[in-house]
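Residues 542 to 599, numbered by my numbering, are exactly what the sequence shown covers, in order.
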Amino acid sequence: MTDEKIAEAFREAGIEKEIKCPQAFAIAKKHKLPLKAIGEYCNSHSVKIRGCQLGCFR
């Protein structure tokens, strides 16, 4: 269910292949998702996270 929720949030935001760290934080907050889930989704779907602020996404 979480992957589907993240995929929908990314589609709404127009994110396909790359996301900026502040966008990831905003999506997590807006959709009440853990940052870890966002990071795992990005890793498994080859979405690059750019401009990581605190090393949350590696």
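A virtual CB, placed ideally from N, CA and C, is assigned to each residue, including glycine.
From the options, residue whose alpha carbon lies closest to that of residue i
{"i": "alanine 548", "options": "Ile568, Arg591, Gly592 and Cys593", "result": "Ile568"}
{"i": "cysteine 593", "options": "Ser587, Ala554 and Ala565", "result": "Ala565"}
{"i": "methionine 542", "options": "Gly555, Glu557 and Ala578", "result": "Ala578"}
Inter-residue Cα distance where the pair is residue i and residue j
{"i": "arginine 591", "j": "glutamate 559", "result": "7 Å"}
{"i": "leucine 574", "j": "glutamate 545", "result": "12 Å"}
{"i": "cysteine 583", "j": "lysine 571", "result": "17 Å"}
{"i": "phenylalanine 551", "j": "cysteine 562", "result": "13 Å"}
{"i": "glutamate 553", "j": "valine 588", "result": "15 Å"}
Run of the alpha helix (DSSP H) containing residue i, from where it starts to where it stops
{"i": "lysine 561", "result": "Where lysine 561 is concerned, there is no enclosing alpha helix (DSSP H), although the beta strand (DSSP E) it sits in stretches over 559-561."}
Alpha helix (DSSP H) runs contained entirely in the stretch 546-587, provided each spans 4 or more residues: List check, alpha helix (DSSP H) in window: 562-571 and 576-585.
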